[in-house]
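Working notes, structure below.
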Amino acid sequence: MKILVTGSESFVGRELIKQCEKEDISVIGIDIVDRNNTNYEYHKVDICSSELAEIISEDIDAVIHLAALSKDSDCRDKAYECFNINVMGTLNLINSVRAKKIKQFIFASSEWVYDDFKNNEEKDENSLINIFNHKSEYALSKLVSESNLKQKFLHDKFNITILRFGIIYGPRKNGWSAVEEISNKIKNEKEIVVGSLKTGRRFIHVNDIARGIILSLGLTGLHTINLTGDRVITLEDIIRISESLFNKKSIIKEENPKNISIRDPSNRKAQEMINWKPLISLEEGIKTLDKMI
Numbered sequence: 021m022k023i024l025v026t027g028s029e030s031f032v033g034r035e036l037i038k039q040c041e042k043e044d045i046s047v048i049g050i051d052i053v054d055r056n057n058t059n060y061e062y063h064k065v066d067i068c069s070s071e072l073a074e075i076i077s078e079d080i081d082a083v084i085h086l087a088a089l090s091k092d093s094d095c096r097d098k099a100y101e102c103f104n105i106n107v108m109g110t111l112n113l114i115n116s117v118r119a120k121k122i123k124q125f126i127f128a129s130s131e132w133v134y135d136d137f138k139n140n141e142e143k144d145e146n147s148l149i150n151i152f153n154h155k156s157e158y159a160l161s162k163l164v165s166e167s168n169l170k171q172k173f174l175h176d177k178f179n180i181t182i183l184r185f186g187i188i189y190g191p192r193k194n195g196w197s198a199v200e201e202i203s204n205k206i207k208n209e210k211e212i213v214v215g216s217l218k219t220g221r222r223f224i225h226v227n228d229i230a231r232g233i234i235l236s237l238g239l240t241g242l243h244t245i246n247l248t249g250d251r252v253i254t255l256e257d258i259i260r261i262s263e264s265l266f267n268k269k270s271i272i273k274e275e276n277p278k279n280i281s282i283r284d285p286s287n288r289k290a291q292e293m294i295n296w297k298p299l300i301s302l303e304e305g306i307k308t309l310d311k312m313i
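Under our numbering, think of the first position of the sequence shown as 21, with each following residue one higher.
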């Protein structure tokens, strides 16, 4: 199998390519950073560029589109930049892919497309989303791109897989989630300040995300699938496990205990459709952070 990965030098992209090598999947990487001596074909090119079409060859089996402004802070109050890259860049890529008759397009979306979670409700891929509830340019850009891709499917009957990633963590130097941030502070005996210890997300290790992407290769039709953790992990859970692993006791300041924020997107469809479930527990995941925090 031969795949093209945009955002190949990103956190998820590097782990995905590592796993593809083990599965004997040939990779072409696209990103905007300088890279030398990669063991895969690499092109430095912007996804908004017309040069993109020249790189995509007809022998590619699938395109995995990871490239994006992927942090809310990078998009906040920068609607033009955010939509130019995340929406127009995606349209530019999908048009090039369709022209070459590539079999499958896999789009990296986000659990942030889901709007308000009320009363600790669990949501799945069929849950209704009210776009007017969104205040995040990043979430809106992903939701608009999802809608554009669904229109492409209706017109062309092209195989499109939308993967909504949960909150990803893992060994990296920056771009940390709450898991890396809290683990770092506990390991280095720094004060931890949180809103509510009961706030929780379905955190998911980058290794599990990459494995889920590979398992989605070959799907036909239009599918939207959540790749999220097996359960909601609270900030209190992260603190408790980190203290145990690093044999530390932290000073914790809880500023607003009653202001609890829970986001609970189900991964049941991924288990049923692609036989995927997270394999890395929070404890095992935090152990992988040790050298980076």
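Cβ coordinates follow ideal geometry from the N, Cα and C atoms, glycine included.
Note that this is a predicted model, so its numbers are computed, not measured.
- Under the criterion of beta carbons closer than 8 Å, K143 and E78 do not qualify as touching, at roughly 39 Å.
- The count of Cβ pairs closer than 8 Å, one atom from the region 207-219 and one from the region 242-249, stays below three, leaving the stretches out of contact.
- Taking each of I188, Q124 and K123 in turn and checking the Cα distance to S301, the smallest one comes out for I188.
- For R192, there is no enclosing beta strand (DSSP E), as DSSP marks it with neither H nor E.
- Around the beta carbon of Y100, fewer than 16 other beta carbons sit within 10 angstroms, so the residue counts as exposed.
- By the Cβ rule, the region 123-143 counts as touching the region 175-185, because three or more pairs are nearer than 8 Å.
- D51 counts as buried, since no fewer than 16 other beta carbons sit within 10 angstroms of its beta carbon.
- The alpha-carbon of R118 is positioned some 22 Å away from that of G33.
- Distances from the alpha-carbon of E303 to those of S203, K123, T26 and I234 put S203 closest.
- A contact is defined here as three or more CB-CB pairs under 8 Å, and the region 100-112 fails this definition with respect to the region 249-263.
- Leaving aside the five residues that flank K22 on each side, the residues in its chain whose CB is nearer than 7 Å to its CB run, in chain order, S46, D79, I80 and D81.
- Its Cα nearest to that of K193, the residue K311 stands out among G238, K311 and T58.
- Per the coordinates, the alpha-carbon of N59 lies some 23 Å from the alpha-carbon of I126.
- Contact holds between the region 288-297 and the region 217-236, because three or more Cβ pairs, one in each stretch, are under 8 Å apart.
- Taking 3 residues as the minimum length, the beta strand (DSSP E) runs contained wholly in the region 43-128 are 46-51, 61-64 and 82-85, in order along the chain.
- Contact between the region 86-105 and the region 147-165 is established, with three or more Cβ pairs separated by less than 8 Å.
- In the DSSP assignment, H243 falls within the unbroken beta strand (DSSP E) covering L242 to L247.
- Assignment of H154 by DSSP, reduced to helix, strand and coil, places it in the coil class.
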